[in-house]
Amino acid sequence: LVRQLLMGEGKSAVVAPLLGLVLASEPGTLVVQVVPDQLLAQSLATARALFGQAFFRPVYSIGFDRSEAASTGRVHALLRKLRASVEEHAVVCTTASTVKSCILSFVETQMKLEKLPQRKAVKIRLPGRGNATEWARFADMQRAHLDHDDSAEDYREQYQLEFASLCLQGALLTFQEGVAVLDEVDLLLHPLISELNFPVASREPLDLSPERWELPMHLLAPLLNDEAPRDDGEREWTLCKQAIQEGLRCLALRASPHLLLAIEDFYHQKLEARFREWLLVYLNKHPWAKEGSSWMKALSASDARSEE
């Protein structure tokens with residue numbers, strides 16, 4: 001059964017809080033209300049006003065960022081807060097960025113563990129799927145063991161990564177076994193603004209960078225900018241601008257709503273040669289563009305014919 005409510009009919013103010021109240025009453029169930037970043041403060045205020053005055057139900061806010069995964073104290077606090085939410089039948093308000101940051105941080109932590117040059121064999125018996133209470137209790141035991149283990153100093157980085165991985169795994173399994181109430185789902189799952197893909201490995205330059213974006217921007221500069229370049233190419237820039245102004249006068253180009261080519265022949269007769277010269281200005285500045293190359297000769301020959 002699918003019900004669609006229009007804006008202002010009570011989805012965020014009535015339906016979402018009531019779902020949180022009913023679902024959080026089940027023992028051992030984590031209820032997470034996921035909202036866009038800009039609606040977190042409003043959702044928290046609405047939930048606390050309802051639960052705090054009428055039902056005396058706690059409402060928690062959980063925030064997490066990828067940069068916090070390196071802090072064992074921060075990931076441990078995240079897991080302990082989830083445990084408190086389950087035990088107190090609380091409603092948790094968070095954002096989609098927080099949930100995705102937990103997933104990406106866990107993946108990144110696992111990758112760092114695999115790349116450690118020297119690792120000590122550590123046998124850790126995980127509590128299985130379990131709930132947040134079991135995972136938090138197990139994390140407390142591991143944290144106490146690390147604090148009193150003198151040999152941990154030699155493998156401090158490994159122990160920290162394994163502890164962070166343990167806490168994040170417990171948090172993700174708690175999320176998986178809980179219930180998520182998605183508010184404004186069209187924004188949370190939008191394929192263009194949602195962080196569905198995020199790099200976790202070392203940064204590598206793109207192929208043909210930076211020429212792959214510098215060259216198109218150079219060609220478009222006379223069409224988009226009014227100020228002439230301060231380095232070489234002032235003559236070519238002026239010829240391009242003069243050709244554009246000529247096209248506007250003879251209505252071969254239109255200035256509204258933006259610069260448009262109305263007559264294709266004008267481009268071949270006037271603009272093409274001027275922009276070819278402007279292209280040569282960029283190519284002559286780079287060592288990989290050799291004067292003796294065949295395509296550079298073709299461009300120069302075309303310019304000579306156009307001048308005649």
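The opening position of the sequence shown corresponds to residue 1 in our numbering, with each subsequent residue numbered one higher. Just so you know, even glycine gets a beta-carbon here, dropped at the ideal spot from N, CA and C.
Considering Cα atoms alone, identify which of the options is closest to residue i.
i    : options               : result
L104 : F163, L40, Q169, E157 : Q169
L215 : H286, K115, F106      : H286
H258 : L224, R83, Q242, R249 : L224
D140 : L166, R66, P117       : L166
W135 : A77, H89, M217        : A77
A69  : Q110, T95, Q42, L30   : Q110
A24  : R156, P117, E88, G10  : E88
L208 : W288, G247, L39       : W288
P222 : T238, S202, L40       : T238
Q309 : L283, P27, S256, E246 : The requested residue 309 does not occur in the structure, where the chain is confined to residues 1 to 308.
K112 : Q242, Q158, D231      : Q158
A41  : L79, T94, V15         : T94
For residue i, which of helix, strand or coil comes out of DSSP?
i    : result
T29  : coil
P257 : coil
C250 : coil
L189 : coil
S61  : strand
A262 : coil
A180 : strand
M7   : coil
Residues in its own chain within less than 7 Å of residue i by CB, not counting five upstream and five downstream?
i    : result
L182 : V34, L188
S81  : The displayed chain sequence assigns Lys, not Ser, to residue 81. These residues qualify, in order along the chain: Y60, I62.
T98  : I62, G63, F64
T72  : Q160, F163, A164
E234 : A228
L172 : C102, I103, F106
P17  : T46, A47, L50
A252 : A262, I263, F266
F275 : L219, C240
E272 : none
Might you give, ordered along the chain, the residues of its own chain that have their beta carbon closer than 6 Å to the beta carbon of residue i, omitting 5 neighbours on each side?
i    : result
V92  : V32, Y60, I62, S85
L19  : V181
P342 : There is simply no residue 342 to check, as the chain begins at 1 and stops at 308 in what is shown.
T46  : A13
Sorted by chain position, which residues of the same chain lie with C-beta nearer than 8 Å to residue i's C-beta, five sequence neighbours on each side aside?
i    : result
R212 : L206
G8   : none
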